[in-house]
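Peer 1: Structure below; questions to follow.
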Amino acid sequence: MNPNPSECTTTLNSPSKPLNASAKAAINLLHANSLPSSQFIKEYVPTPSRTFTAKDGVLYTCTFKRTQDLTPEEKEACFQLIKQTSKRDYEVNAEAGWDDERKRKEMGEAGMRFVLVRKASNARMGEGGEEGRRQDTPLISPSSDTEEGGKGRDDTILGFTSFSLEIDHDTHIPQLYLYEIHLLPPARSLGLGRHLMSLNEILARSLELEKVMLTVFTCNSKAEGMYRRLGYVMDEESPKERVLRSGKIVRPKYLIMSKAIS
């Protein structure tokens, strides 16, 4: 489901007709995919979204990086977090099971971007702050092509999300596909998951994409429930439920869910 620029450009170069919404979104997508992290952040990530004060009153930072800009330590931390939280689900529910190298390869696919969650070094919320709110003033600002700052935070990665901006090969719909979202146990139930999800939707809206898509194992009822509460529904491309002769409903092992972005 990676973007195919050649498909897009042949569709978009019709000077006699005004661009429709999908064509405009495709142009936005191609532009965004060409940007280094520093410029991507400036154009598409609102300042208040770059930090988040969680329910425990602690300030967290969100660092945006392209997959090729991750340090070996960051890449390994993200991989281990996926393995820790999802290996069992893959072994039970995925036809191919769990494979370290396949997952590492997916993480390194062209166009993949990561949002890394860390605790700020001055992490306790200051006087007058509000819990569970984005900050109006960024703790850190873009300082290089590879990272949104590096000072004023703890380097431990407590969670991350990864996504790519894609044009679906079958439907040709410009979309943001959420590949991973994971948090270590101490970072859960603090509102960070919702904040990361909102970041994906903010990006999709800024780019005028049609929807955000994701895949979830049906055995992960907590994650599925969160997505549904956030407005995600079963996508038309998703595997469907089966009804046996006995009347029993058998759910697929995974769902493809999506949320339309207006």
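Under this note's numbering, the first residue of the sequence shown carries the number 634, and numbering increases by one thereafter. Glycine included, every Cβ here is placed at the ideal spot set by N, Cα and C.
Using DSSP with H/G/I as helix, E/B as strand and the rest coil, what is E707?
Peer 2: As a first step, residue 707 is located in the sequence shown; it is residue number 74 there, counting from the start. Helix at E707.
Peer 1: In the DSSP assignment, the beta strand (DSSP E) including L863 goes from what residue to what residue?
Peer 2: One-based indexing of the sequence shown puts residue 863 at position 230. Run containing L863: none; DSSP gives neither H nor E here.
Peer 1: Alpha carbon to alpha carbon, how far is I820 from R878?
Peer 2: Start at 1 with the first residue of the sequence shown, and residue 820 comes out as number 187. Start at 1 with the first residue of the sequence shown, and residue 878 comes out as number 245. The residue you asked about is not Ile; residue 820 is Ala in the sequence shown. Their Cα atoms are separated by approximately 44 Å.
Peer 1: If you reduce the DSSP assignment to three classes, tell me which class C894 lands in.
Peer 2: Translated into positions along the sequence shown, residue 894 becomes position 261. One detail in the question is off: residue 894 reads as Ile in this sequence, not Cys. In this structure, I894 counts as coil in the three-state DSSP scheme.
Peer 1: Assign H802 to buried or exposed, taking buried as 16 or more other Cβ atoms, counted over all protein chains shown, within 10 Å of its Cβ.
Peer 2: For the purposes of this step, residue 802 is taken as residue 169 along the sequence shown, with counting starting at 1. H802 should be labelled exposed.
Peer 1: So, Y812 versus S797, is the Cβ gap smaller than 9 Å?
Peer 2: For this step, residue 812 is matched to residue 179 along the sequence shown. For this step, residue 797 is matched to residue 164 along the sequence shown. Cβ atoms of Y812 and S797: closer than 9 Å.
Peer 1: Counting beta carbon pairs with one atom in the region 740-751 and one in the region 694-705, are three or more of them shorter than 8 Å?
Peer 2: Enough Cβ pairs lie closer than 8 Å, so yes.
Peer 1: Using a Cβ-Cβ cutoff of less than 6 Å, which residues in the same chain neighbour S871 once the five nearest sequence positions on both sides are dropped?
Peer 2: Counting from one through the sequence shown, the residue named residue 871 turns up at place 238. Closer than 6 Å at the Cβ level, and outside the excluded window around S871, lie L888, I889.
Peer 1: Can the beta-carbon of Y693 be found closer than 9 Å to that of F685?
Peer 2: In the sequence shown, counting from the first residue as 1, residue 693 sits at position 60. In the sequence shown, counting from the first residue as 1, residue 685 sits at position 52. The answer is yes: Cβ separation under 9 Å.
Peer 1: Can you have a look at R683 and say buried or exposed, based on whether 16 or more other CB atoms are within 10 angstroms of its CB?
Peer 2: For this step, residue 683 is matched to residue 50 along the sequence shown. Flag for R683 reads buried.
Peer 1: Between which two residues does the beta strand (DSSP E) harbouring R699 extend?
Peer 2: Residue 699 sits at position 66 when you count from the first residue of the sequence shown. Segment 691-699, the beta strand (DSSP E) holding R699.
Peer 1: For A729, does the three-state DSSP call read helix, strand or coil?
Peer 2: Numbered from its first residue, the sequence shown carries residue 729 at position 96. If DSSP states are grouped into helix, strand and coil, A729 belongs with coil.
Peer 1: Measure the C-alpha to C-alpha separation of K720 and W731 and round it to an integer number of angstroms.
Peer 2: By 1-based counting over the sequence shown, the position of residue 720 is 87. By 1-based counting over the sequence shown, the position of residue 731 is 98. K720 and W731: Cα-Cα distance of roughly 6 Å.
Peer 1: Using only the alpha-carbon positions, how far apart do K675 and L836 sit?
Peer 2: On the sequence shown, residue 675 is found 42 positions in, with the first residue counted as 1. On the sequence shown, residue 836 is found 203 positions in, with the first residue counted as 1. Going from the Cα of K675 to the Cα of L836 covers about 12 Å.
Peer 1: For the candidate residues F850, L863, V866, whose alpha-carbon lies nearest to that of A727?
Peer 2: Reading the sequence shown from its first residue, position 94 is the one you call residue 727. Answer by Cα proximity: F850.
Peer 1: Should T789 go down as buried or exposed, given a rule of 16 or more other Cβ atoms within 10 Å for buried?
Peer 2: Looking up residue 789 in the sequence shown gives position 156. Classification for T789: exposed.
Peer 1: Assuming L840 contacts L663 (C-beta within less than 8 Å), just tell me the rounded distance between them.
Peer 2: For the purposes of this step, residue 840 is identified with residue 207 of the sequence shown, where counting begins at 1. For the purposes of this step, residue 663 is identified with residue 30 of the sequence shown, where counting begins at 1. Going by Cβ atoms, the distance from L840 to L663 rounds to 10 Å, so no, they are not a contact pair.
Peer 1: Starting from P679, follow its DSSP beta bridges and name the residues at the other end.
Peer 2: Start at 1 with the first residue of the sequence shown, and residue 679 comes out as number 46. Per DSSP, none; premise fails for P679.
Peer 1: Going by beta carbon distance, what residues of the same chain come within less than 7 Å of Y723, once the five residues before and after it are set aside?
Peer 2: Along the sequence shown, read from residue 1 onward, the residue named residue 723 stands at position 90. Closer than 7 Å at the Cβ level, and outside the excluded window around Y723, lie G730, W731.
Peer 1: Measuring only the C-alpha atoms, how far is I894 from D868?
Peer 2: The residue you call residue 894 lines up with position 261 of the sequence shown. The residue you call residue 868 lines up with position 235 of the sequence shown. Cα to Cα, the separation comes out at about 13 Å.
Peer 1: By DSSP, does H815 sit in helix, in strand, or in coil?
Peer 2: Sequence index remark: in the sequence shown, residue 815 carries index 182 (1-based). Strand.
Peer 1: Nearest to D733 by alpha carbon, out of R827, G744, M830, C711?
Peer 2: Residue mapping note: residue 733 aligns to position 100 of the sequence shown, counting from 1. For the residues R827, G744, M830, C711, the minimum Cα distance to D733 belongs to C711.
Peer 1: On a CA-only basis, which of M846, L816, A665, M745 is nearest G864? Give me that one, please.
Peer 2: In the sequence shown, residue 864 corresponds to position 231, counting from 1. Residue M846 is the option with its Cα nearest to G864.
Peer 1: Do V866 and R875 come within 9 Å of each other at the CB atom, strictly closer than that value?
Peer 2: Locating residue 875 in the sequence shown gives position 242, counting from the first residue. Locating residue 866 in the sequence shown gives position 233, counting from the first residue. No. Outside cutoff.
Peer 1: Following the continuous alpha helix (DSSP H) through L836, name the residue where it begins and the one where it ends.
Peer 2: Locating residue 836 in the sequence shown gives position 203, where the first residue counts as 1. Taken as a continuous stretch (DSSP letters only), the alpha helix (DSSP H) holding L836 covers 825-839.
Peer 1: Starting from L663, trace the alpha helix (DSSP H) in both directions and tell me its first and last residue.
Peer 2: Residue 663 sits at position 30 when you count from the first residue of the sequence shown. Where L663 is concerned, the enclosing alpha helix (DSSP H) stretches over 654-666.
Peer 1: According to the neighbour-count rule (16 or more other Cβ atoms, all chains shown, within 10 Å of its Cβ), is S670 buried or exposed?
Peer 2: Within the sequence shown, the letter at position 37 stands for residue 670. That one is buried.
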